[in-house]
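Mapping of the sequence shown onto UniProt numbering: residues 1 to 298, in sequence order.
No residue lacks a Cβ here, since even glycine has one placed at the ideal position from N, Cα and C.
All of these numbers come straight from a predicted model, not from anything done at the bench.
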Amino acid sequence: MGKKVYAIKEGFDSNKNEKVQDLIVNTWDQCLKLVKGVKGAKYKSFESIEEAQAFLKEQGNILKKGEDNYPLDCLHAYVDGSYNVSTEEYAYGVVAVRNDVVQYIGSGVGKNNSEKNIRQIAGELEAAVKATEYALLSGEKKLVLFHDYAGICYHATGFWERKDESSKQYYEKMNKLMNDGIEVIFVKVDSHTGDFFNELVDEKCKEQLGIDSEKVVEKWLSNNKLRVLNSNVKYEIEKVAPKYADNILIEEENLEQNIFDIKIPDSINDILEALPENKRNEILEYAKNIYVKYFNKV
1 MGKKVYAIKE GFDSNKNEKV QDLIVNTWDQ CLKLVKGVKG AKYKSFESIE EAQAFLKEQG
61 NILKKGEDNY PLDCLHAYVD GSYNVSTEEY AYGVVAVRND VVQYIGSGVG KNNSEKNIRQ
121 IAGELEAAVK ATEYALLSGE KKLVLFHDYA GICYHATGFW ERKDESSKQY YEKMNKLMND
181 GIEVIFVKVD SHTGDFFNEL VDEKCKEQLG IDSEKVVEKW LSNNKLRVLN SNVKYEIEKV
241 APKYADNILI EEENLEQNIF DIKIPDSIND ILEALPENKR NEILEYAKNI YVKYFNKV
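Have a look at this one:
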C-alpha cells in the first residue's frame, strides 16, 4: 500500500491566524495541525495525489470568479467575516454592487458568545444571511453571492454535513430566504488577491473590530474612481479610505444633475396642455412622486 496523502478542503492555521483551503499535505501530523479543533473542518485521506486533487475539485453548486460564468445583470453581493483574538468578537460585512456601482454597505460586530469558537466563520455566515435579506427586501429575484469561505455555499446547499448549531441555523435561514423567492448563485473568490470589492468588505470587517488593514482600498482609490449609489454608501467607504473621498462619486447626484439638464421638448408641453386638467394633474403628480422617491425631496 502506498503512502497516504491528506486533502484539506477547509481548515485553519493557528500560527498564521488564517484559513486553509484546498491544500494537500503528506503526513497526518501536518493535517492534524490544520484541522484539529477547527469548526467546519473538512478533510480526507487518499492513496494517491490524483484522488486527493479530485476531492478538492468537488464543487457542489459553487462557481469560481475568474473561471466560471455567472449572471452579470443582477445584484452582486460580497460577504466576509473577521475575528479579533484579543476581544473574542467577530464581525460581518456586506458590499452590494450593481453594474460596478456600490448600492449598499453593511457591517457589524457579533454579540452571540456561543459563536466565538468558530472565529470569523460566524461573521461570514451572518454576512451571507444579511446580504440575502437585503436582496429580497429590495425586490431582487436573483443574487450572485461572492465569498471566500466555501462553507457559505456548501452549508446553504447541504453539500456539507452540518454538525454544529451555527451551520444548522445558517442552513435553515438561507433556505427559508431562498424559498421566499430569491435565487442565490454562489461564487467563490480567493481572499487577499486584489479583488477590489472583496478587499472592501474585508476592510469593513476589520474596521468594526479595530484591526489594522493593508489599506488596499485606499491604494486602489488613489488611482481609480468608484461610483456609489448615495452619500450613506460613500460615508462607509470614506471610513476606510478617507484620503481619496473625491474619487468616490455619488451616482444619485449625477443622475439628478442630468435630470435638471434635460430640456423638455415643446411637443411634450403641447401634449400636456391638450389633456383635460384632471389627467394632466395625474401625470404631474405621478412625476412628482417618482422624483420624491428617488431623491427624497419635495
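Whole-angstrom distance between residue j and residue i, CA atom to CA atom
| i | j | result |
| --- | --- | --- |
| LYS234 | ILE248 | 6 Å |
| ASP212 | GLY110 | 19 Å |
| TYR170 | LYS176 | 10 Å |
| ALA287 | LYS279 | 13 Å |
| TRP220 | PHE196 | 8 Å |
| THR27 | VAL35 | 13 Å |
Residue i, DSSP secondary structure in three states
| i | result |
| --- | --- |
| LEU23 | strand |
| ALA150 | coil |
| ARG162 | coil |
| LYS142 | strand |
| GLN103 | strand |
| HIS155 | helix |
| GLY110 | coil |
| ARG119 | coil |
| LEU275 | coil |
| residue 300 | Since the displayed the chain opens at 1 and closes at 298, residue 300 lies outside it and no answer follows. |
| LEU229 | coil |
| ASN223 | coil |
Top-ranked residue by Cα proximity to residue i, from the options
| i | options | result |
| --- | --- | --- |
| ASP73 | ASN99, GLU88, GLY81 and ALA52 | ASN99 |
| GLY181 | GLY151, GLU140 and TYR170 | GLU140 |
| LYS19 | GLU277, ALA7, PRO71 and VAL38 | VAL38 |
Burial state of residue i (16 or more Cβ within 10 Å)
| i | result |
| --- | --- |
| ILE262 | Low per-residue confidence applies at ILE262: pLDDT is 49, beneath 50, and the placement is therefore not dependable enough to give any value. |
| HIS147 | buried |
| ASP13 | exposed |
| GLU199 | buried |
| GLY66 | exposed |
| residue 299 | In this structure the chain extends from 1 to 298, so residue 299 is not present and cannot be described. |
| THR87 | exposed |
Terminal residues of the alpha helix (DSSP H) in which residue i lies
| i | result |
| --- | --- |
| GLU67 | GLU67 -> no alpha helix (DSSP H), and no H or E assigned at all. |
Residue range of the unbroken beta strand (DSSP E) whose run includes residue i
| i | result |
| --- | --- |
| LYS9 | 5-13 |
| ILE250 | 248-250 |
| LYS42 | 42-46 |
| ALA77 | 75-84 |
| ILE185 | 183-188 |
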